[in-house]
Amino acid sequence: MVENSVNEVLDSDIPQAFSHYSYTWSKRKLLICDLQGVYNSKKNPPEFLFTDPCIHYNSVSGRKHVHGKTDKGYRGIQDFFKTHKCNKLCELLGISIVK
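Count along the sequence shown from 1, then add 9; that gives the number in the numbering used here.
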């Protein structure tokens, strides 16, 4: 059952699911997004090489730009989830929609 589900994951699902997972893994403290890079299908297993990430950090003390100028804090996290649609990989990772 899981193997069939894995085959339903699209390459384009991976960056979005990674961003969502980063938020869940960090216990909702940060989100890694705006991922750019290359997909290498010739490697076994295939891999993404992500570069130039943006990290939004949800600072409880209100600190701004902890991870550089693109760090929009909680507002940046909210903006990501306004457009994120959970995909098959999110489902397989057991991460749910953030409210």
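No residue lacks a Cβ here, since even glycine has one placed at the ideal position from N, Cα and C. It should be emphasised that the depicted structure is a prediction, and the values quoted were computed from it without experimental measurement.
DSSP state of residue i mapped onto helix, strand, coil
i: M10; result: Because M10 sits at a pLDDT of 42, beneath the cut-off of 50, its placement in the model cannot be relied upon, and the following sentence gives the value as read from the coordinates. Coil, per DSSP.
i: I64; result: strand
i: C99; result: helix
i: I104; result: coil
Check whether residue i and residue j have beta carbons under 8 Å apart
i: Y32; j: I106; result: no
i: N16; j: K38; result: no
i: F27; j: L44; result: yes
i: Y48; j: L102; result: no
i: H93; j: G82; result: no
Opening and closing residue of the beta strand (DSSP E) in which residue i lies
i: G111; result: Since the first residue shown for the chain is 10 and the last is 108, residue 111 is missing from the structure and cannot be characterised.
i: L40; result: L39 to C42
Boundaries (first-last residue) of the alpha helix (DSSP H) holding residue i
i: T79; result: Where T79 is concerned, there is no enclosing alpha helix (DSSP H), given that its DSSP letter is neither H nor E.
i: D22; result: D22 to W34
Which residues DSSP lists as bridging residue i, in chain order
i: L112; result: Missing from the structure shown is residue 112; the chain here goes from 10 to 108 and no further.
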